[in-house]
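This report refers to the structure that appears directly beneath it.
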Amino acid sequence: MINQAAATGAKADPATLSLEFRHIHRLIDPGDEGVQIWQIQVIAGDQAVGSLRATRGLYWKADNLRERMADEQSFLALVAQQLLDEQGRFGPEFEEFVDMAGSVLVVDELDLAAPWDDPWIAAGLAASIIDRLTDNQFAVVFPRVAPGAALLAEAATLLDAEPFSDDLLIIDTALAAPEEAAHRVQERLRSRARYGGADPWNEDWDGEEEEGEEVLTARTRTVLRLALEELSGQAWSEAAALGDKPLHRGAGGVFGDLPPVTLRQDGIWRRQMARAFDDLAADLSSGAEVRPRFTGEEMALHLGIARAEGLTRNRPRLVREAVADLPEHRRDFDWSACSADLFEDHDVLMLFDDSLDGIEDSGSAPTRPWAWSTSRRSTGSLLSTPNRPAPTIAVSVQREPLRASAGLRGPVGPLVVTRSAPDVYADLHGPSCGCRAGSDSDDRAEVAAVAREGEHNHRDHRCEQG
């Protein structure tokens, strides 16, 4: 029974709602084979705030589906009369109305206490029931004008139901439009949940409480860090396995999923990209502001947000365990807001657009992969940024050519020289001061070759800027 007092005082936050399905099936009763009835209770927190009924009519299991549904009386009898002939077959008008006449799901007897008696809430409940009790060969039937059916009829319209008669609304699950409508309803309810039940689409919404609010809540920050750490582990493993080997389109993995202009980059570039995941994860762990400082980090953060959204959808147990001790916030896991607020622009995503093939020749940093490790705001290279210490790197130099030129014989291992990462980066890719030395694609091979021979060093470089 619905607790009216509790329901009336409750705040209409969709995040508190759950559905309890109750279905009794008698094991060997032939009367249960063609018609299956679910009594569904709507729960807010631990209080019942509503109920409705869902009935599946399975044409292929019933001896005579019309007679069986009519035996239940009420709205089910009306549905049977309008959709089926006396032999229990679907009528020609119904078969013409839907794409595949297979089975029916009848949703009726909706009862919602205030403040939950809202068409968007009702549409969300109906969409959830349809998702769990049908496939793409069902017609979902709603009452159109029955007493007390106005709210359910409005909800059905939000889910793209079409009038079949003066009495019935029908959704054809074989079509894409109802699924898209259900997605819109779910997104609207998720937005409400972020604001504790307030509707940001309402004309009275002023949005003042949203202004200046941090999208990286404690729980969001933790899941995004997990996602970036996963990507980092994959990226380092792939970089070691691939070396300088070019990739083909659709290769998969972290680097195979990057834009096509990056597929022929070398091992150094791939390690730099892996480092971008590490640095962003470190920012999240330390509580620092998370802002991508150059194009490589922009792409890494886009991938991290997508992976984090995947974790919340596909690995809920992992997410629950990771955030168990952290305070909840209404904006937790708002990945759309993260994508909108954590970037100055989304220019780098243009590289995924096949129609813009060749855009890398435009000369802008987002389109030139070899410039991804240089800040678009002149903050230094990927390997050395103002707020991050430069790591040391063990650089392996093959000594055999040098020994041969000196007339020496016999095997010898590589000479390992420990150098700071900015020096290595500058030697191989030119200075990070922003001038053109060693930065154009035509110069890269020459700069790298000269650097390997020890004839160029960024510390000796002089530029005329400033």
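Letter 424 of the sequence shown, counting from 1, is numbered 1078 in our numbering, and no numbers are missing. From the three backbone atoms N, C-alpha and C, an ideal C-beta is built for every residue, glycine too. Every value quoted in this text rests on a predicted model; they were computed, and no experiment measured them.
ask   = DSSP three-state call for Glu674: helix, strand or coil?
value = strand
ask   = When you compare each of Ala836, Thr916, Glu868 to Ala809 by their alpha carbons, which one comes out closest?
value = Ala836
query = What number of angstroms, rounded off, separates the C-alpha of Glu763 from the C-alpha of Ala803?
reply = 8 Å
query = For Leu759 versus Thr788, is the C-beta distance shorter than 9 Å?
reply = yes
task = Provide the residue(s) that pair with Ser990 in DSSP beta bridges, ordered along the chain.
result = Looking at the DSSP assignment, Ser990 forms no beta bridge with any residue, so it has no partner.
request  = Measure the C-alpha to C-alpha separation of Thr827 and Arg786 and round it to an integer number of angstroms.
outcome  = 12 Å
task = Can you have a look at Leu779 and say buried or exposed, based on whether 16 or more other CB atoms are within 10 angstroms of its CB?
result = buried
ask   = Are the Cβ atoms of Leu1124 and Gln701 separated by less than 9 Å?
value = Outside the shown range of the chain (655 to 1120) lies residue 1124, about which nothing can therefore be said.
message = Contact defined as beta carbons within less than 8 Å: I believe Leu730 pairs with Met723. What is the distance between those atoms, to the nearest angstrom?
response = 5 Å
ask   = Would the stretch 892 to 910 and the stretch 986 to 1001 be scored as touching if the rule is three or more Cβ pairs under 8 Å?
value = no
inquiry  = Are the CB atoms of Ala781 and Gln690 within a distance shorter than 9 Å?
reply    = no
task = Can you say whether Pro913 is buried or exposed, counting buried as having 16 or more other CB atoms within 10 angstroms of its CB?
result = buried
key: For Asp826: DSSP bridge partner residues   = Ala793
inquiry  = Pairs of beta-carbons, one from the stretch 766 to 775 and one from the stretch 743 to 755, closer than 8 Å: are there three or more?
reply    = no
request  = Could you please give me the residues that DSSP links to Gly704 through a beta bridge?
outcome  = Val696, Leu766
inquiry  = Just to check my reading of the structure: Ser1027 and Gly950 have Cβ atoms closer than 8 Å, yes? What is that Cβ distance to the nearest angstrom?
reply    = 5 Å
ask   = What does a CB cutoff of less than 6 Å around Asp898 pick up in its chain, not counting 5 residues either side in sequence?
value = Asp920, Gly921
message = Taking only three categories from DSSP, how would you classify Phe744?
response = strand
Endpoints, the alpha helix (DSSP H) within which Ala881 is located = 872 to 896
Other residues of its chain near Leu823: CB distance less than 8 Å, five sequence neighbours each side excluded = Val795, Phe796, Pro797, Arg798, Ala807, Ala810, Thr811, Ala815, Glu816, Pro817
Rounded Cβ spacing between Ala708 and Val761 (contact assumed at less than 8 Å) = 5 Å
task = Take every Cβ of the stretch 901 to 916, pair it with every Cβ of the stretch 937 to 946, and state whether three or more of those distances are shorter than 8 Å.
result = no
ask   = Is Arg1106 buried or exposed, if buried means 16 or more other CB atoms sit within 10 Å of its CB?
value = Residue placement at Arg1106 is flagged as unreliable, the pLDDT there being 40, under the threshold of 50; the coordinate-derived value follows with that caveat. Exposed, because fewer than 16 other Cβ atoms sit within 10 Å of the Cβ of Arg1106.
ask   = By how many angstroms is the C-alpha of Glu726 removed from the C-alpha of Leu671?
value = 29 Å
query = What span of residues does the alpha helix (DSSP H) with Val811 cover, start to end?
reply = Strictly speaking, residue 811 in this sequence is Thr, with Val absent from that position. First-last of the alpha helix (DSSP H) with Thr811: 804 to 812.
ask   = Which one of Gly941, Leu706, Gly910 has the shortest CA to CA distance from His677?
value = Leu706
key: Beta-carbon contacts of Arg848 that lie in its chain and below 7 Å, excluding the five residues immediately before and after   = Arg984, Arg985, Asp988
key: alpha helix (DSSP H) segments (min. 4 residues) lying fully within the stretch 894 to 930   = 907 to 910
query = Where does Val977 fall in DSSP's three states?
reply = helix
key: Residues bridged to Val761 (per DSSP)   = Ala708
Nearest to Asp979 (by Cα), restricted to the options Thr876, Glu833, Asp686 = Thr876
Same chain, Cβ closer than 6 Å to Pro668, five either side skipped, listed in chain order = Leu843, Arg846, Ala847
query = Between Leu813 and the rest of its own chain, which residues show a CB-CB distance below 7 Å, the 5 nearest in sequence each way excluded?
reply = Ala777, Ala780, Ala781, Ile825, Pro832, Ala835, Ala836, Val839
key: Reduced DSSP category for Gly1088 - H, G, I as helix; E, B as strand; rest coil   = With a pLDDT of 39 at Gly1088, under the threshold of 50, the modelled position of that residue is not reliable, and no figure is offered here.
query = At which residues does the alpha helix (DSSP H) containing His983 begin and terminate?
reply = Run containing His983: none; DSSP gives neither H nor E here.
key: For Ile784, the nearest candidate out of Leu880, Leu870, Phe675 (CA to CA)   = Phe675
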